[in-house]
Amino acid sequence: MATETHDAAGVCVDAGGSALGMPQLCADWMPNQIFWLLVTLIAIYFVMSRIALPRIAAVLAERSGTITNDLAAAEELKNKAAEAEAAYDQALLDARAEAQKIVAEAKEEIQAELSVELEKADAQIAAKTAESEAAIAEIRAGAVKSVTAVAKDTAKELVAAMGTTVDAKTITAAVNARMKG
Amino acid sequence: MLRNKRMTRVAEEKAEGGLVFHPLDQFIVKPLFGDGPVHWYTPTNLTLWMAIAVLAIVAVFVLGSRGRAVIPTRMQSLGELMYGFIYKMVEDVTGKDGVRYFPYIMTLFLFILFSNYLALIPMSYSPTSMIAVTVILGFGVFIAVTILGFVKNGTAFLGLFWMSDAPLFLRPIIAIIEVISYFVRPVSLSIRLAGNIAAGHVVLKVFAAFAAAVVISPAAILGIIAIYGLEILVCGIQAYVFTILTCVYLKDALHPAH
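As they're listed, the protein sequences go chains A and B. So that you can map any letter, position 79 of the first sequence is 79 in the numbering used here, and since no number is skipped, the others follow by simple counting. Counting the second sequence from 1 gives a position; the numbering used here is that position plus 1000.
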């Protein structure tokens, strides 16, 4: 019956079309499997080695080239930015130094002017003081002279009133001696 | 053989009980056209899904990168991601001189990755669960790497098995162990891949069969969802493991000195 319905069954498949033993080990099919395996492997090998692998290798190389270039460009831009920053900092420093210099100069100028004015004022003050002192001295001298004159006159009168005549010189000397004391 | 008989019996018992499931039927190779015998050249369901894998790879890598855009589209960046991942793996593991073998390793990785993931589509076929397929992949890597090792290094390639920094009396013993482990490499490569993918699909099918029974169907459907999530991980990890082991073996061939 088996031979009637399944001529091709051979030793691997029973009459009902199901497996006898392990079909994976069936020797009848092995030439077929090996033949098609080799065909498949050769097909895959040719597709891969002729078309796919070179293409993917080229794409990967191009990509890594692009990435390298981009990184280099980025590095360059970064350097430029750093340079610009350094230039900016330098400019800032210069400006600050310049400002300080200007401030210092202005201060010096003002100081110089101020000291000139101060000197002038001091001189004026000194002159006024001297003038005033001279005036005071004059006044004082004037006062002393007046007092001496008054004292001489008073002494002369007193002596005259006492009835004695005394030399004018003597009275003057006596008054002067008293004034000194 | 005993195991095979037991499995058939289990299936028959279930059939009598009303719950029919044949978790291994999904691996049967059928001709695409007609019902004839499977010759070596017959286009089969395996051919179909391998062709779909090739078309998917073309879609991602050729159509996706069509624009050659410096700022990639989604599809292009998916391709670039896989390219970068495998390229870096090859470069890190095998060194600068291993980079020329990158297209071969990329081919292996893409075939396994796309076959694994396409096999997760319901009603699809999983080429990487077939022992014949993974054996060709595993032994292909093994033979290529061994020939490459002898061509590049001559007899110095045998230094791979002679640990010059081990104590002298241990060296022959280590050499024997190293030779055995070297020849086990292709076997483990192929069995690991086929075993993982086939086991996952069998478990999915078993859960799917249980989902037909009313009482346990909620649990079975939850089980399918959980296993499916696990399989998504396994598919990626198996492709990764196969590829990185290939890179390690390639490194041994290029630089056999420890």
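For each residue, glycine too, the CB sits at the ideal point set by N, CA and C.
Partners in chain B for residue i, counting only beta-carbon separations shorter than 9 Å
i             : result
E98 (chain A) : Neighbours of E98 (chain A) on chain B: none; closest Cβ ~52 Å, over 9 Å.
Cβ neighbours of residue i in the same chain (closer than 8 Å, five flanking residues each side left out)
i               : result
K1152 (chain B) : A1253 and L1254
G1223 (chain B) : F1207 and F1210
K1251 (chain B) : V1093, T1094, G1095 and G1098
W29 (chain A)   : C12 and P23
F1150 (chain B) : F1157
A141 (chain A)  : none
Interface partners of residue i on chain B, CB under 7 Å
i             : result
I34 (chain A) : A1132 and I1136
T66 (chain A) : V1070
Q90 (chain A) : Neighbours of Q90 (chain A) on chain B: none; closest Cβ ~41 Å, over 7 Å.
Rounded C-alpha distance that separates residue i from residue j
i               : j               : result
Y1240 (chain B) : A86 (chain A)   : 54 Å
A1144 (chain B) : K1096 (chain B) : 19 Å
A8 (chain A)    : W36 (chain A)   : Reliability fails at A8 (chain A), whose pLDDT of 45 lies under 50, so the model's placement of it is uncertain and no value is given.
F1207 (chain B) : Y1125 (chain B) : 18 Å
V1062 (chain B) : N1116 (chain B) : 20 Å
A99 (chain A)   : D89 (chain A)   : 15 Å
I1227 (chain B) : V1203 (chain B) : 8 Å
L84 (chain A)   : L93 (chain A)   : For the sequence presented, residue 84 (chain A) should be read as Ala rather than Leu. Those two C-alpha atoms are separated by around 14 Å.
I1176 (chain B) : C1247 (chain B) : 23 Å
L158 (chain A)  : K152 (chain A)  : 10 Å
I1174 (chain B) : L1158 (chain B) : 13 Å
I1052 (chain B) : I1121 (chain B) : 12 Å
T172 (chain A)  : I139 (chain A)  : 22 Å
V175 (chain A)  : A155 (chain A)  : 8 Å
Q1026 (chain B) : T68 (chain A)   : 52 Å
Cutoff 6 Å; reference residue i; Cβ partners in own chain excluding five residues on either side
i               : result
A1194 (chain B) : S1129, I1131 and T1134
S1065 (chain B) : Q1076 and G1079
A43 (chain A)   : none
F1139 (chain B) : P1186
Sequence-distant residues of the same chain with beta carbon closer than 7 Å to residue i, five excluded per side
i               : result
K1030 (chain B) : T1044 and N1045
L1032 (chain B) : P1043, T1044, N1045, T1047 and L1048
L1110 (chain B) : I1057
L60 (chain A)   : none
R1171 (chain B) : W1162 and M1163
Contact set between residue i and chain A, taken where Cβ atoms lie within less than 7 Å
i               : result
W1040 (chain B) : P31, N32 and F35
S1077 (chain B) : Near S1077 (chain B) there are no residues of chain A at all, since even the closest Cβ is about 10 Å away, more than 7 Å.
H1022 (chain B) : S18 and A19
D1025 (chain B) : S18 and A19
L1245 (chain B) : What L1245 (chain B) touches in chain A: nothing, since even the nearest Cβ is about 18 Å away.
Amino acids of chain A, ordered along the chain, whose beta-carbon sits closer than 9 Å to that of residue i
i               : result
Y1083 (chain B) : A52, L53, I56, A57 and L60
Collapsed DSSP secondary structure at residue i in the structure displayed
i               : result
T1044 (chain B) : strand
V1029 (chain B) : coil
V1151 (chain B) : helix
C26 (chain A)   : coil
F1114 (chain B) : helix
Y185 (chain A)  : The requested residue 185 (chain A) does not occur in the structure, where chain A is confined to residues 1 to 181.
D7 (chain A)    : Its pLDDT being 42, under 50, D7 (chain A) is placed unreliably in this model, and the coordinates cannot settle the point.
V1054 (chain B) : helix
W1162 (chain B) : coil
R178 (chain A)  : helix
F1085 (chain B) : helix
T1073 (chain B) : coil
T164 (chain A)  : coil
G1140 (chain B) : helix
M1123 (chain B) : coil
A1130 (chain B) : The question names Ala, but residue 1130 (chain B) in the sequence shown is Met. Coil, per DSSP.
S1190 (chain B) : helix
V39 (chain A)   : helix
F1109 (chain B) : helix
G1064 (chain B) : coil
Beta-bridge partners of residue i, as assigned by DSSP
i             : result
A19 (chain A) : A:V13
Proximal chain B residues relative to residue i, where beta-carbon distance stays under 8 Å
i             : result
D28 (chain A) : V1038
A43 (chain A) : V1054
V47 (chain A) : V1054, I1057, V1058, F1061 and V1062
V13 (chain A) : I1028
L25 (chain A) : I1131
Amino acids of chain A, ordered along the chain, whose beta-carbon sits closer than 8 Å to that of residue i
i               : result
M1050 (chain B) : W36, L37, V39 and T40
L1110 (chain B) : I44 and M48
M1106 (chain B) : M48 and L53
A1194 (chain B) : Q24
E1080 (chain B) : I56, V59 and L60
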